[in-house]
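Put into structure tokens, the structure is as follows:
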């Protein structure tokens with residue numbers, strides 16, 4: 001019997017991949033956990049093709065188990081999908097296992113494959129090829145600009161604290177925006193005094209804040225347009241602005257059908273309670289996992305609704321009368337909001353949009 005015929009008769013083969021910036025390490029396991037081979041490949045287009053071709057020499061019923069599908073493994077994940085091969089996202093091995101078995105790239109790749117064989121990993125990675133990926137990249141730019149703008153304001157006020165008394169007494173009583181505009185219009189004059197140097201610094205920081213503010217406004221406009229195009233029903237929900245809608249869409253990804261159920265969505269958002277019972281005590285606690293930015297976005301929307309949304313205010317009053325604390329009520333509201341958002345995103349799960357179809 002030839003080698004090719006022998007390979008064709010083999011069952012499922014799982015290719016575990018430990019991804020890095022410059023190289024990817026792959027280990028092939030058969031359906032019984034036996035190691036068929038291991039190899040290193042460059043993390044570029046040529047390397048992706050070589051890795052896939054190498055994998056197919058071990059069998060044709062392939063499943064790739066890839067760590068870091070959203071970072072260093074994104075390119076390989078896309079290449080594997082283009083070859084119509086199944087991909088599973090694998091989380092990093094827990095620390096206890098690493099202490100017991102040791103740490104190496106080949107061990108990490110083998111552990112990734114074994115996690116799929118054991119049924120511990122079955123998450124479908126994001127495709128990152130549509131409007132949601134566009135939203136994600138723009139939101140990254142916006143978030144970076146927001147942090148820089150906050151830092152500029154902190155620096156401005158820190159400089160003002162140590163400014164010469166006449167300048168400080170003139171500027172400190174002003175509101176934030178009035179302070180920014182006044183500092184941006186300062187005229188330092190010749191650089192011969194501490195006051196002139198301070199004016200120069202204040203003007204530079206204030207103008208930087210204005211530039212960042214204009215940039216953030218442009219990013220917010222783009223996000224509003226894209227989120228409204230992709231999920232108008234989500235953006236129309238009370239208290240769900242473009243930023244919150246963007247965060248929810250980013251969590252779902254361009255292939256939201258990968259999230260199989262509403263409880264799975266709640267767990268992904270970090271709002272699904274988990275059991276914490278012991279002995280005679282039966283209780284649940286808050287899930288500390290999930291996407292923290294999505295959880296924060298839900299929290300912000302809940303706070304807005306508690307202040308301005310009449311049905312939510314009535315719910316808070318009723319639950320308060322039942323003896324619930326404010327923290328408990330907020331947790332309940334976040335869970336209900338996650339369920340509402342899951343329902344509003346149903347059209348995306350039924351008919352996912354690509355960049356081409358949205359255009």
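Residue numbers (the working numbering): 1 to 359.
For every residue, glycine included, the Cβ atom is placed at its ideal position computed from N, Cα and C.
query, result
"For the candidate residues 303, 277, 296, 252, whose alpha-carbon lies nearest to that of residue 123?", "252"
"Is there contact here, the stretch 274 to 290 with the stretch 299 to 312, by at least three beta-carbon pairs under 8 Å?", "no"
"Consider the C-beta atom of residue 335 and the heavy atoms of the ligand COA; say whether any pair is separated by less than 6 Å.", "Judged by which ligands are present, the structure shown has none, so any question about the ligand COA falls away."
"Measuring CB atoms only, is the stretch 81 to 91 touching the stretch 58 to 73, in the sense that at least three cross pairs come out at less than 8 Å?", "yes"
"For the alpha helix (DSSP H) that contains residue 335, what are its first and last residues?", "326 to 344"
"Cβ atoms of residue 302 and residue 268: under 7 Å apart, would you say?", "no"
"Could you give the DSSP three-state label for residue 106: helix, strand or coil?", "helix"
"Does the stretch 311 to 329 come close enough to the stretch 203 to 221 that 3 or more CB-CB pairs lie under 8 Å?", "no"
"Would you be able to state if there are at least three C-beta pairs under 8 Å between the stretch 65 to 80 and the stretch 111 to 130?", "yes"
"Along the beta strand (DSSP E) that carries residue 282, what are the first and last residues, could you check?", "Residue 282 -> no beta strand (DSSP E), and no H or E assigned at all."
"What residues are listed by DSSP as bridge partners for residue 163?", "Answer by DSSP bridge pairing: none, since residue 163 is not bridged."
"Looking only at DSSP bridge pairs, what is residue 64 linked to?", "15, 87"
"For residue 344, which residues of its own chain have a beta-carbon under 8 Å away from its beta-carbon, when the five flanking residues on both sides are left out?", "231, 233, 234, 237"
"When you compare the CB positions of residue 244 and residue 294, do they come within less than 7 Å of one another, or not?", "no"
"Counting only the same chain and skipping the five closest in sequence on each side, list residues whose C-beta sits under 8 Å from that of residue 292.", "270"
"Can you tell me which of 205, 153, 18, 160 puts its alpha carbon nearest to the alpha carbon of residue 111?", "18"
"What is the DSSP secondary structure of residue 123, reduced to helix, strand or coil?", "strand"
"Can you grab the Cα-Cα spacing for the pair residue 324 / residue 300, in whole Å?", "20 Å"
"Is the distance from the Cβ of residue 16 to the Cβ of residue 109 below 7 Å?", "yes"
"Got a sec? Which residues, its chain only, sit under 8 Å from residue 194 by beta carbon, not counting five neighbours each side?", "164"
"How big is the Cα-Cα spacing for residue 350 and residue 260?", "12 Å"
"Counting Cβ pairs closer than 8 Å, one from the stretch 25 to 39 and one from the stretch 49 to 60, do we hit at least three?", "yes"
"Check each candidate in 171, 148, 207, 331 and name the one with the smallest Cα separation from residue 157.", "171"
"So, for residue 357: in the same chain, excluding its five sequence neighbours on each side, which residues have a beta-carbon less than 6 Å away from its beta-carbon?", "Confidence is the limiting factor: at residue 357 the pLDDT is only 48, short of 50, which leaves the residue's position unreliable, though a coordinate-based value still follows. There are no such residues."
"Just checking my contact of residue 361 with residue 246 at CB under 8 Å: how many whole Å lie between their CB atoms?", "Lying outside 1 to 359, the shown extent of the chain, residue 361 is not represented and no answer is given."
"Near residue 342, which residues of its chain fall below 6 Å by C-beta distance, leaving aside the five closest residues on each side in sequence?", "262, 265"
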